[in-house]
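Colleague:
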Amino acid sequence: MMTAAESILAGDRLALSRLLTQVENGTKDGEAELDLLFKNTGHAHLVGVTGAPGTGKSSLVNQIALEARRPNNGASRSVAIVAIDPSSPFTGGAILGDRVRMRDLAGDPGVFIRSMASRGALGGLAAATAGVVQVLDAAGYDLILVETVGAGQSEVDIARLAHTTIVVENPGMGDDIQAIKAGILEIADILVINKADRPGVENTERALRVNLELGYSPQGRDHEFLEDGHELDGLPEAVHAGGVWVPPVLKTIATQPCGIPELLKAVWQHRDYLVKTGLLVKRDRERLEHDFAVTLQGRLKDNWQDRTDPAVLKEVLEELFLRQISPRQAVDRLI
Amino acid sequence: MAERKIRVLIAKPGLDGHDRGAKVIATALRNAGFEVIYTGLRQTPEMIAEAALQEDVQVIGISILSGAHMALVPRVIDLVRANGQKDVSIFVGGIIPEEDIPLLLEKGVRAVYGPGTPTTKVVEDLHREFAMA
Numbered sequence: 000m001m002t003a004a005e006s007i008l009a010g011d012r013l014a015l016s017r018l019l020t021q022v023e024n025g026t027k028d029g030e031a032e033l034d035l036l037f038k039n040t041g042h043a044h045l046v047g048v049t050g051a052p053g054t055g056k057s058s059l060v061n062q063i064a065l066e067a068r069r070p071n072n073g074a075s076r077s078v079a080i081v082a083i084d085p086s087s088p089f090t091g092g093a094i095l096g097d098r099v100r101m102r103d104l105a106g107d108p109g110v111f112i113r114s115m116a117s118r119g120a121l122g123g124l125a126a127a128t129a130g131v132v133q134v135l136d137a138a139g140y141d142l143i144l145v146e147t148v149g150a151g152q153s154e155v156d157i158a159r160l161a162h163t164t165i166v167v168e169n170p171g172m173g174d175d176i177q178a179i180k181a182g183i184l185e186i187a188d189i190l191v192i193n194k195a196d197r198p199g200v201e202n203t204e205r206a207l208r209v210n211l212e213l214g215y216s217p218q219g220r221d222h223e224f225l226e227d228g229h230e231l232d233g234l235p236e237a238v239h240a241g242g243v244w245v246p247p248v249l250k251t252i253a254t255q256p257c258g259i260p261e262l263l264k265a266v267w268q269h270r271d272y273l274v275k276t277g278l279l280v281k282r283d284r285e286r287l288e289h290d291f292a293v294t295l296q297g298r299l300k301d302n303w304q305d306r307t308d309p310a311v312l313k314e315v316l317e318e319l320f321l322r323q324i325s326p327r328q329a330v331d332r333l334i
Numbered sequence: 000m001a002e003r004k005i006r007v008l009i010a011k012p013g014l015d016g017h018d019r020g021a022k023v024i025a026t027a028l029r030n031a032g033f034e035v036i037y038t039g040l041r042q043t044p045e046m047i048a049e050a051a052l053q054e055d056v057q058v059i060g061i062s063i064l065s066g067a068h069m070a071l072v073p074r075v076i077d078l079v080r081a082n083g084q085k086d087v088s089i090f091v092g093g094i095i096p097e098e099d100i101p102l103l104l105e106k107g108v109r110a111v112y113g114p115g116t117p118t119t120k121v122v123e124d125l126h127r128e129f130a131m132a
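Printed below as a string of structure tokens:
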């Protein structure tokens with residue numbers, strides 16, 4: 000009898016699908032299998048696709064996957080897609096409809112699509128998305144596309160999870176001020192103006208480029224790291240200025256399709272850049288440290304809860320509610 | 000943090016282009032707390048079985064208005080079972096002649112819901128099946 004982890008490594012899609020459910024539901028069995036698979040992770044390139052609702056994220060993901068599957072672009076790569084849609088805050092139910100735009104991928108054994116409900120998580124991902132991506136990574140998918148919930152200005156968790164973050168805009172969206180607000184544009188490694196056949200595309204392109212020039216500060220998060228100087232041979236100068244990645248602004252029409260090979264090329268260029276600068280390793284370590292910190296936090300809280308008398312907790316909370324003590328004092332009392 | 004959700008695939012096979020019924024039931028199930036995967040129009044049985052596998056659903060609801068149910072539904076069931084998903088519960092909604100219903104049930108369909116079935120009936124049946132509140 001093979002373990003689920005062994006079956007998955009042997010290519011069993013049902014075992015993979017069932018483990019994804021376990022991981023999504025946070026079961027002990029799922030966690031144990033994920034522990035077994037963990038040493039097999041770290042090979043896939045993780046691409047986040049985010050942007051406002053209706054910008055065409057699903058259609059773009061469909062086209063990127065089709066393009067990556069084409070053998071005439073070098074090696075054809077296996078693709079996994081994780082598509083996240085929001086859960087209803089009232090009923091906990093969800094309609095996961097991203098597959099509607101991905102029907103071109105049906106019947107291709109090199110593609111695995113999984114829909115996820117956000118289950119109350121903010122930030123554009125579901126709480127279990129990182130685990131789900133790890134399982135797909137271990138299962139051997141070369142390229143993992145994570146499509147976020149239709150996102151606004153603060154759903155930036157994807158940038159921590161993905162190696163390459165694609166932010167999707169449309170012609171006529173926002174104005175100059177929208178573009179210089181902090182948030183979603185700042186996390187873009189690649190900016191895409193989808194539906195580029197619509198009017199206003201030039202204005203949007205200009206606004207995004209101006210924003211990049213304004214926001215292009217040497218105080219970026221990787222500046223100190225990049226100061227050392229790295230060999231960036233083979234990368235066109237347009238993509239990096241002084242070693243810092245400059246997000247390209249690309250135009251696509253996912254429904255035609257148009258501009259998709261250029262988009263996928265930019266993704267691999269970005270990976271190449273991350274590898275050559277050493278940022279791939281640096282970010283991977285940051286991500287793992289973050290996972291560690293989140294898990295530690297959860298575990299410490301659980302341990303504390305197990306050791307705390309509910310009656311005492313209630314008493315202390317009562318004092319807090321009466322404003323006799325502050326939240327900090329309440330914690331001090333209980334820890 | 001462990002949370003169990005019932006995942007339901009709502010599938011619309013065949014060549015007719017009417018998915019209002021499918022969308023109504025999808026919405027009703029969402030409102031009842033289910034996670035509903037909707038895949039759009041004109042799905043082949045192969046596409047439905049593939050989606051059911053990748054999404055690890057516990058339930059498949061097939062909406063058919065075209066009259067091709069006796070060809071399509073058993074094919075979906077065979078493919079899903081062949082994929083190893085022995086326990087997936089399958090219901091059918093749409094326009095199904097009275098005399099075909101026993102045949103579909105015999106093939107392994109759990110229930111057939113005709114026109115005018117209140118969505119609450121579908122929800123109640125699923126709640127009972129999965130012993131939810």
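Quick mapping for you: the protein sequence lines, in order, are chains A and B.
Residue 317 in numbering that gives the first Met the number 0 sits at position 318 of the first sequence, with consecutive numbering throughout.
Residue 88 in numbering that gives the first Met the number 0 sits at position 89 of the second sequence, with consecutive numbering throughout.
All C-beta atoms, glycine included, are put in the ideal place defined by N, C-alpha and C.
It should be emphasised that the depicted structure is a prediction, and the values quoted were computed from it without experimental measurement.
Quick check on this structure: which residue in A:V132, A:G149, A:V148 has the alpha carbon closest to the alpha carbon of L142 (chain A)?
Modeller: It is A:V132.
Colleague: Give the straight-line distance between the Cα atoms of T26 (chain A) and N202 (chain A), rounded to the nearest whole angstrom.
Modeller: Taking the straight line joining both Cα atoms gives about 49 Å.
Colleague: Use the C-beta contact count for T294 (chain A): other C-beta atoms within 10 angstroms, 16 or more gives buried, fewer gives exposed.
Modeller: The residue is exposed, with fewer than 16 neighbouring Cβ atoms inside 10 Å.
Colleague: Which residues in the same chain as H17 (chain B) place their Cβ atom closer than 8 Å to its Cβ, once the five residues preceding and following it in sequence are excluded?
Modeller: So the qualifying residues of the chain are L64.
Colleague: Quick one: what's K250 (chain A) bridged to in DSSP?
Modeller: DSSP, once it has assigned bridges, lists A:I192 as partnering K250 (chain A).
Colleague: Mind pulling the chain B residues with CB within less than 9 Å of V266 (chain A)?
Modeller: By Cβ distance, chain B contributes nothing, its closest Cβ being about 23 Å from V266 (chain A), past 9 Å.
Colleague: Please go through the stretch 89 to 126 of chain B and give each complete alpha helix (DSSP H) segment of 4 or more residues, from N-terminal end onward.
Modeller: Runs of the alpha helix (DSSP H) inside the stretch 89 to 126 of chain B: 100 to 106.
Colleague: Alpha carbon to alpha carbon, how far is Q57 (chain B) from T119 (chain B)? Give it in angstroms, no decimals.
Modeller: If I take the Cα positions, the gap works out to 19 Å.
Colleague: Bridge partners of I63 (chain B), per DSSP?
Modeller: According to DSSP, which records beta bridges pairwise, I63 (chain B) is partnered with B:G93.
Colleague: DSSP state of A130 (chain B), grouped into three classes?
Modeller: It is coil, neither helix nor strand.
Colleague: So that I know if they touch, is there some Cβ in chain B lying closer than 7 Å to that of N302 (chain A)?
Modeller: Taking Cβ atoms only, chain B never reaches closer than 7 Å to N302 (chain A), which makes this a no.
Colleague: Pull up the distance between the alpha-carbon of A130 (chain B) and that of T116 (chain B), whole angstroms please.
Modeller: Answer to the nearest angstrom: the Cα atoms are 21 Å apart.
Colleague: On a CA-only basis, which of A:M115, A:L124, A:V46 is nearest K264 (chain A)? Give me that one, please.
Modeller: Of the candidates A:M115, A:L124, A:V46, the one whose C-alpha sits nearest the C-alpha of K264 (chain A) is A:V46.
Colleague: Report yes or no: is there a C-beta of chain A within less than 7 Å of the C-beta of L8 (chain B)?
Modeller: It does not; no Cβ of chain A falls within 7 Å.
Colleague: Any idea what DSSP makes of M1 (chain A), helix, strand or coil?
Modeller: DSSP places M1 (chain A) in coil when its eight states are reduced to three.
Colleague: For chain B, is any of its Cβ atoms less than 7 Å away from the one on T90 (chain A)?
Modeller: True, the Cβ-Cβ gap to chain B drops below 7 Å.
Colleague: Short of 8 Å Cβ to Cβ, which residues in the stretch 10 to 25 of chain B face chain A?
Modeller: Under the 8 Å Cβ criterion, the stretch 10 to 25 of chain B contributes A25.
Colleague: Check whether the stretch 54 to 71 of chain A and the stretch 146 to 165 of chain A touch, using three or more Cβ-Cβ pairs below 8 Å as the test.
Modeller: Yes, the stretch 54 to 71 of chain A is in contact with the stretch 146 to 165 of chain A.
Colleague: So that I know if they touch, is there some Cβ in chain A lying closer than 7 Å to that of R29 (chain B)?
Modeller: At least one chain A Cβ lies under 7 Å of R29 (chain B).
Colleague: Establish whether the CB of M1 (chain A) and some CB of chain B are separated by less than 7 Å.
Modeller: M1 (chain A) does not count as touching chain B.
Colleague: Determine, using beta carbons only, whether Y140 (chain A) and A43 (chain A) come nearer to each other than 7 Å.
Modeller: Against a cut-off of 7 Å, the Cβ pair of A43 (chain A) and Y140 (chain A) comes out as a contact.
Colleague: Relative to the ligand MG, is the shortest distance from any of its heavy atoms to the C-beta of V79 (chain B) smaller than 6 Å?
Modeller: As far as ligands go, the structure on display features none, and thus does not contain the ligand MG.
Colleague: Quick check: L184 (chain A) and V248 (chain A), are their CB atoms within less than 7 Å of each other?
Modeller: Their beta carbons are not under 7 Å apart, which means L184 (chain A) does not touch V248 (chain A) by this criterion.
Colleague: Can you list, in chain order, the residues of its chain with a C-beta nearer than 7 Å to that of D99 (chain B)? Leave out the 5 residues immediately preceding and following it.
Modeller: Closer than 7 Å at Cβ, skipping near neighbours: H68, M69.
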